[in-house]
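Counting along the sequence shown from 1, when you hit position 10 you're at 10 in the UniProt record's numbering, and nothing is skipped either side. Note that the Cβ used here is the ideal one computed from N, Cα and C, for glycine as well. Being a predicted model, the structure only gives us computed values, none of them experimental. These notes are about the structure you will find just below.
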Amino acid sequence: MRTPSGLLHVVDFKTDQIISAIQPKDYWADNRHWEIKNNIDIFDFTTFDGTPHAITLQQQNLVLKEVRDGRIVPYVINNEVEKDSNDRSLTVHSSGAWVQIAKDGIIKPQRIESETVNTFIDIALADSKWQRGITDYSSFHTMTIDEFIDPLTFLKKIASLFELEIQYRVEVMGSKITGWYVDMIKKRGRETGKEVTLGKDLVEVRRIEHSRDICTALVGFVRGEGDKLITVESINKGLPYIVDNDAFQRWNAHGKHKFGFYTPETE
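Here is the structure:
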């Protein structure tokens with residue numbers, strides 16, 4: 001297993017184009033924290049302000065990092081960078097870009113009968129730029145989905161059902177991301193439930209929700225009598241979601257909505 005180069009690439013979230021590169025000597029206090037079981041991967045680092053690459057470190061842009069198994073892992077910048085005027089530095093907080101899969105579409109209530117993991121993954125990613133990557137065969141399984149869920153939650157359920165582990169990666173050709181892949185492979189080692197943190201000077205793991213809060217379309221539903229799901233479809237031209245056009249203009253990626261889900265609390 002070779003040692004990663006340490007080079008970071010920054011990608012424009014609207015074009016998937018690499019717009020800057022940060023050499024290992026130009027960033028520090030880098031910490032990577034991940035929880036395999038919970039699909040959490042957080043990467044924080046500090047770099048110099050006032051440089052060409054600093055300008056590209058904007059909310060929703062991506063940071064590409066090579067990890068020890070050779071994968072290139074994409075991270076999305078969660079919020080505005082933290083600037084320190086004392087030493088002219090800025091700190092970036094990012095999380096695995098697959099958190100955005102939760103916004104890519106809607107998984108409606110349904111029963112999926114006796115299908116392979118490949119079929120399940122294809123259903124989950126039908127409306128996403130992410131594609132099924134490497135998978136290990138794990139027989140046929142059935143799943144009942146009894147309410148609207150997001151595609152990322154569905155992927156977690158699939159991995160649990162088939163007892164597989166999810167890995168996310170991108171492929172890069174030249175200066176552009178050419179493929180986004182979700183792998184599901186047999187679990188490596190025994191499950192300990194431990195969290196893993198790499199890096200130095202770790203103070204706190206936090207701020208992973210900012211990018212998840214952004215949505216341009218909201219799916220609303222509630223359970224009625226007899227456990228029936230009630231949506232806005234009948235009064236919304238057959239669509240189970242309402243849209244925010246201003247948010248869409250600012251945050252859409254490749255002309256696609258970012259979906260959120262809402263169900264009111266009932267007694």
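| query | result |
| --- | --- |
| Within 10 angstroms of the Cβ of K237, are there 16 or more other Cβ atoms? Answer buried if so, exposed if not. | exposed |
| Please name the residue in D49, R71, E80, I121 whose C-alpha comes closest to that of R88. | D49 |
| Hey, could you find the ends of the beta strand (DSSP E) I77 is sitting in? | 72-77 |
| According to DSSP, is R223 part of a helix, a strand, or is it coil? | strand |
| For L7, count neighbouring Cβ atoms within 10 angstroms of its own Cβ and tell me buried if that reaches 16, exposed if not. | exposed |
| Which residues share a DSSP beta bridge with W98? | The partner list for W98 (beta bridge, DSSP) is empty, contrary to what the question assumes. |
| How should R169 be labelled, buried or exposed, when 16 other C-beta atoms within 10 angstroms of its C-beta is the threshold for buried? | buried |
| Looking at the secondary structure, which residues open and close the alpha helix (DSSP H) in which A54 lies? | 52-55 |
| How would you call A126, buried or exposed, if buried means at least 16 neighbouring beta carbons within 10 angstroms? | exposed |
| Tell whether a beta-carbon distance below 8 Å holds between A97 and T153. | no |
| Skipping 5 residues on each side, what residues in its chain have a beta carbon closer than 7 Å to that of F248? | T216, H257 |
| May I ask you to report which of helix, strand or coil DSSP gives F154? | helix |
| Leaving aside the five residues before and after G179 along the sequence, list all residues of the same chain whose C-beta is less than 8 Å from its C-beta, in chain order. | Q131, V170, E171 |
| What distance in whole Å lies between the Cβ atoms of V76 and L64, which are believed to be in contact at a cut-off of 8 Å? | In fact, because the Cβ distance is near 11 Å, the residues do not count as touching under 8 Å. |
| Out of curiosity, what's the CA-to-CA distance linking S85 and P74? | 28 Å |
| Return the Cβ separation of L218 and G260 in integer angstroms, given the expectation that the two are a contact with Cβ distance under 8 Å. | 5 Å |
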